[in-house]
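Under our numbering, the residue at position 206 of the sequence shown is numbered 193, and the numbers go up by one with no gaps.
Built from N, CA and C at the ideal position, the CB exists for glycine as well.
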Amino acid sequence: MHPFLAAAGALALLTFSFPGLGADAPTGAPEAGMWDLRDLYPTPEAWSAARDKVKAQTQTLDRYKGTLGKSAGVMLKALSAISDVKKEAARLAVYASLKGDEDVRIAANQERLQSAQQLGTLIQEKTAWLTPEIIHIGRKKGLVFEAQSPELKRRFAFQLDNALRYSPHTLSLESEGVMAAAGDVLAQPNAIYSQLANGELPRPEVTLSDGTKVKLDQAAYTKYRTGSNREDRRKVFDAFWPSFSAFKGTFGATLTTQVQSEIFDAKVRHFPDSLADATFADNMPEAVYRQLVAEANKNLPTLWRYLRLRKKALGITDDLRYYDVYVPIFDLPAPPKFNVAESEKIALDVDAIYGPEYLGLLRQGFAGSWMNVYP
């Protein structure tokens, strides 16, 4: 995924959703049940104006190239300017991502998302010199600057340390510029998958044993695969998954392209393989990943035992199927249902331990319709 859209996805978690409340929502869900993005930008036109402003600011960032080593003050000014541009770009990306999530079939939403991605690529191009320059300055001089400027240390010490950590995998200025320009292209496999899986894939309709007609989008599938009626579960699975199978060639080609892009990045940046590349980004030893895989494999017999117990508890006399994995083993009482207002009150009560500042922001989010009730 493109770095700026990945950031948008993470920041989008700051909005709230209750998919269980909305699984049966009609297509024309009331406006009151949807999030209000006007706190980000009042209109799509305002978003476009902000995008143009950030784009213009981005074009000026390379004026700081070659200046970071002059003094702590110059470094602070340069890093602050770059940070301000990136923060506003992230805000633009969050809006584009959330607006796109409202309906991935709307072309204008996808164009906006693509525009945000292109802006992210432009920022990467215009700041491709940054990491090589920090590496050239070196740790010793960087520490001197941090000692001279507490604000530089407070705001950017981690960024400076992380840039130095990347020294063995940082390319020449020209090569870094090429890699930044390629970011938009390398992000396309995820964009293609998301558009196909979430927007253009056919959504079959099934009729359950009680006569309920269900259109099987992602949210409805998640809900009805847990039903107590085994025949209903089978019907849901048999209807939902063939739509994916019909496009298996497209999905396969998309996955292949994603793998190739990861291999390309690892090779260009002098990693032994794409696993080393991926774990290095999180500053995590490869051994952690390999240990997790080893432990999972070692405990497969426990999983198999659980599946045998599940089959017995459900009273299944033939083979346990995939559509039997999600249904509760025991006949539990129906879970309580809460409306939105009740859910908000519960959230405020539970989160009281975080203090008044946190609760104030949470109340602001509830009052400002930062929450989308419907999936």
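Just to confirm, is the Cβ distance from residue i to residue j under 8 Å?
i           : j           : result
residue 56  : residue 360 : no
residue 150 : residue 107 : no
residue 180 : residue 243 : no
residue 293 : residue 220 : no
residue 86  : residue 78  : no
residue 203 : residue 226 : yes
residue 63  : residue 136 : yes
residue 307 : residue 298 : yes
residue 111 : residue 198 : no
residue 320 : residue 213 : no
residue 97  : residue 182 : yes
residue 44  : residue 72  : yes
residue 59  : residue 132 : yes
residue 28  : residue 22  : no
residue 248 : residue 173 : yes
residue 268 : residue 253 : no
residue 255 : residue 166 : yes
So, at 6 Å on beta carbons, what are the nonlocal neighbours of residue i in its own chain, with the 5 sequence-adjacent residues on each side left out?
i           : result
residue 216 : 196
residue 26  : 355
residue 257 : 156
residue 61  : 54
residue 250 : 261
residue 113 : 45, 48, 49
With a CB to CB cut of under 7 Å and the five nearest residues on each side skipped, what residues in its chain are close to residue i?
i           : result
residue 201 : 192, 193, 195, 207, 211
residue 65  : 51, 54, 55
residue 122 : 150, 151, 154, 157
residue 230 : 188, 189, 191
residue 318 : none
residue 276 : 262, 266
residue 237 : 183
Where does residue i fall in DSSP's three states?
i           : result
residue 270 : coil
residue 62  : helix
residue 47  : coil
residue 193 : strand
residue 41  : helix
residue 17  : The pLDDT assigned to residue 17 is 36, lower than 50, so where the model puts this residue is not dependable; a value taken from the coordinates is nonetheless given after this. In this structure, residue 17 counts as coil in the three-state DSSP scheme.
residue 216 : coil
residue 140 : helix
residue 312 : coil
residue 172 : helix
residue 202 : strand
residue 359 : strand
residue 304 : coil
residue 181 : helix
residue 76  : helix
residue 113 : helix
residue 286 : coil
residue 248 : helix
residue 233 : coil
residue 261 : helix
residue 291 : helix
Rounded to whole angstroms, how far is the Cβ of residue i from the Cβ of residue j, which I believe are closer than 8 Å?
i           : j           : result
residue 163 : residue 95  : Wrong, their Cβ atoms sit about 34 Å apart, outside the cutoff.
residue 177 : residue 91  : At roughly 13 Å, the Cβ-Cβ gap does not stay under 8 Å, so residue 177 and residue 91 are not in contact.
residue 153 : residue 118 : 6 Å
Have a look at residue i and residue j and give me their C-alpha separation to the nearest angstrom.
i           : j           : result
residue 48  : residue 32  : 25 Å
residue 158 : residue 75  : 27 Å
residue 145 : residue 156 : 18 Å
residue 104 : residue 331 : 34 Å
residue 168 : residue 109 : 7 Å
residue 274 : residue 285 : 16 Å
residue 148 : residue 327 : 44 Å
residue 235 : residue 222 : 21 Å
residue 89  : residue 189 : 18 Å
residue 322 : residue 300 : 20 Å
residue 272 : residue 266 : 6 Å
residue 82  : residue 30  : 10 Å
residue 288 : residue 282 : 11 Å
residue 224 : residue 353 : 36 Å
residue 140 : residue 325 : 47 Å
residue 344 : residue 93  : 38 Å
residue 342 : residue 351 : 14 Å
residue 39  : residue 120 : 28 Å
residue 138 : residue 358 : 35 Å
residue 228 : residue 279 : 29 Å
residue 126 : residue 67  : 19 Å
residue 270 : residue 134 : 25 Å
Can you give me the Cβ contacts of residue i inside the same chain, cut-off strictly under 8 Å, excluding the 5 residues immediately before and after it?
i           : result
residue 349 : 334, 335, 338
residue 128 : 56
residue 42  : 106, 109
residue 304 : none
residue 160 : 115, 116, 119
I want to see whether chain D comes within less than 8 Å of residue i, judged by CB atoms only; does it?
i           : result
residue 298 : Although the question refers to chain D, the structure presented lacks it and comprises just one protein chain.
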